[in-house]
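A short worksheet on the structure shown next.
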Amino acid sequence: MNKEEIKEKVISILKKYTRREEVWENFNDNSDILNDLKINSARLVDIILDIEDEFDLEVDDEAMDHIHTINDVVEIIAEKKAEKKD
Amino acid sequence: MIETKRVVVTGMGVVAPEAETLQEFNEILYSGRSLIRHIDELEEYGFDAQNGAIANPEIDEKNELLRLFEIDLTSDFIKLAVKAAYNAWLDAGLPLPDPDSDEVDFHTGVMIGGVISGIEMLVKKVIPIVDQKRPKRLGSMIVQNTMPSGASAYISSIFALGNHALSLNSACSTGVDSINWGYHSIASGWAERMVVGAADAYNPYSWAGFEGMRVLNRSSNDAPEKASRPMSASAKGFVPGSGAGVLILEELNVARARGARIYAEVLGGFSNCGALRGGGSMTFPNREGVIRALKSTFEVCRIRAEEIDYINGHLSGTMADPFEVQNWYDAMQLKDKAFPYINSTKSILGHSLGAAGSIEIIATLLQLQHGYVHASLNTEDLHPQIEKLIGRDSVPLKRVDFPDMRIAAKANFGFGDVNSAIILKKYEE
């Protein structure tokens, strides 16, 4: 799975947690999940649970602290996937 | 307690089975149409008592404001409360806030109760996941959707309300108590406006406890509309229900200043507990407690019992009904005047536990507004003790038109030997 495919799946997960459609009219890889997508910070743990299920991996609490943007999520998934193959 | 401010009802919102507008609800009461149905799921779960009256908790897709909050909402209890609050808010003619604004109305508070909130999430999610020893898998939404104050928290968030946001629970007295405490918040000057009421959701896991106690009517599965029989000689237990009732209460001058339509005045209320003494138990009232609660209600409202035109009783369809009527009779001590009309809204809607009181207060207000007393269904065979005490004519088998109705009394009695009453009066300047 390449990063573009990962990103597509990540966005479809994030969409479940955005209250407003408008935030998706203008976004990029560096959009901040809390500030730009206006997702409630409490929902980050739910997003991580969905990602663990979708990509069959585990994200520890420490890694979660480094997630701010869409790209951060994609990178962590790509990294974990690579670790798994090793 | 020095309370001089007058409190009025300016908005009502109800979520009942087949009725989510006041007009629909009023038509059901006016025509005396039972909302009790056979619930197949109860049969599948092995209940002997298979009837119920279930309100729809789902939020309308077209409701733009509530849809913003729905992604966080998993509890049917909170959804019911939020829907009823939304209806009440609009009915009161209050403006919907801008969800993106930081403006808070610090003069309006919330008090929403419920008896069995969030149990479905505990049963279906918390218990299995924690038993698998994976508590982190619960995610972030469990606490806010199961905490009893969850409904008040969501409602204050939706309408930007900054006065106190509390939840109250006194079993089946919850609905009356929430409204009484909202009244006190305004009368004492703590708040100017209150969103008050209660909700309770359908769930086989919550209703199972009552099946276990054998307090539900198990003998009418083939005739649901006959199952809820308050005050009848053949009453065999209550029929569970679900729903929500929410009122907007306002200090009189606040309501007047904005030109609000006033449904009625809340004269006040009283509640107490029989302390499980004197024949009282967790499930049956101490007679002295009930009589004192009713007498104290008349006293704090400064009315004489003779002035009461109509009583909306607790009257759930159990063996306790004749005792309840006896307690009303003894508390009122009417000399020359006949006993007022008394009916049971539970004969139409079943018993929605904590929500019942709030929904029944709305039923009382609609009867006061439109000038009638709805039929108390299934009282063809009125209990002989009740008939002997207050006479057949006090219990309407069919709707009675009553345009001059002025003062209505409403009470609920709950597990824990708690008693609560409230007096509502047609608004007069």
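Listed in order, the protein sequences are those of chains W and A.
Reading the first sequence from the start, the letters are residues 1 to 86 in the working numbering.
Reading the second sequence from the start, the letters are residues 87 to 515 in the working numbering.
Ideal Cβ positions, reconstructed from N, Cα and C, are used throughout, including at glycine.
Collapsing the DSSP output to three states places E22 (chain W) in a helix. Note that the C-beta distance between T431 (chain A) and A449 (chain A) is below 9 Å.
Of all alpha-carbon atoms in A:N137, A:M368, A:V486 and A:Y349, the one lying nearest the alpha-carbon of Q455 (chain A) is that of A:Y349. Taken through DSSP and simplified to helix, strand or coil, D32 (chain W) comes out as strand. As the crow flies, the alpha-carbon of G248 (chain A) is around 6 Å from that of T194 (chain A). Counting only Cβ-Cβ distances below 7 Å, R223 (chain A) has contacts in chain W at L49, in chain order. According to DSSP, residue pairing for A330 (chain A) in a beta bridge involves A:V101 and A:A285. Separation of L463 (chain A) and K322 (chain A) (C-alpha to C-alpha, rounded to the nearest whole angstrom) is 14 Å. A direct Cα-Cα distance of roughly 30 Å separates K165 (chain A) from G275 (chain A). For N498 (chain A), the enclosing beta strand (DSSP E) has its first and last residue at I493 to G500.
Among the bridge pairs identified by DSSP, C359 (chain A) is matched with A:V504.
For the segment 62-75 of chain W, no residue has a beta-carbon sitting nearer than 8 Å to a beta-carbon of chain A. Assignment of beta-bridge partners to R279 (chain A) by DSSP yields A:T194 and A:E336. Between G360 (chain A) and V386 (chain A), the C-beta spacing is not below 9 Å.
In this chain, the alpha helix (DSSP H) harbouring I447 (chain A) covers G440 to H456. At a Cβ-Cβ threshold of 9 Å, E337 (chain A) and Y513 (chain A) do not count as neighbours. Per DSSP, reduced to three states, the secondary structure at K511 (chain A) is strand. F155 (chain A) has a beta carbon lying within less than 9 Å of a beta carbon in chain W. Around the CB of M405 (chain A), fewer than 16 other CB atoms lie within 10 Å, so the residue is classed as exposed. At a cut-off of 9 Å, the C-beta of S226 (chain A) has a neighbouring C-beta in chain W.
When 9 Å is used as the limit between beta carbons, D46 (chain W) is near these residues of chain A: G225, S226 and M227, in chain order. 9 Å or more divides the Cβ of P310 (chain A) from the Cβ of I445 (chain A).
Residue A:G179 holds the alpha-carbon nearest to the alpha-carbon of G99 (chain A) among A:D158, A:G179 and A:V93. Membership of Y396 (chain A) in the beta strand (DSSP E) is indicated by the continuous run Y396 to N398. Residue pairing for I428 (chain A): DSSP places it in a beta bridge opposite A:I397. Around the C-beta of W293 (chain A), 16 or more other C-beta atoms lie within 10 Å, and the residue is accordingly described as buried.
Taking 9 Å as the cut-off, the Cβ atoms of I334 (chain A) and T107 (chain A) do not count as close.
Between the segment 180-190 of chain A and the segment 413-427 of chain A there are fewer than three inter-stretch CB-CB distances shorter than 8 Å, so the stretches are not counted as touching. When Cβ-Cβ separations below 9 Å define contact, D217 (chain A) makes no contact with chain W.
Residue environment analysis places F192 (chain A) among the exposed positions, since fewer than 16 neighbouring C-beta atoms fall within 10 angstroms of its C-beta.
Taking a cut-off of 8 Å on C-beta distances, the segment 247-263 of chain A touches the segment 201-208 of chain A, as three or more cross pairs fall below it.
No Cβ of chain A is located within less than 9 Å of the beta carbon of A82 (chain W). In the three-state reduction of the DSSP assignment, L353 (chain A) falls in the strand class, which pools E and B. Put simply, the segment 292-308 of chain A touches the segment 126-135 of chain A. At least three CB pairs are less than 8 Å apart. Within the same chain, and ignoring the five residues on either side of S305 (chain A) in sequence, the residues whose Cβ sits closer than 7 Å to its Cβ are K322.
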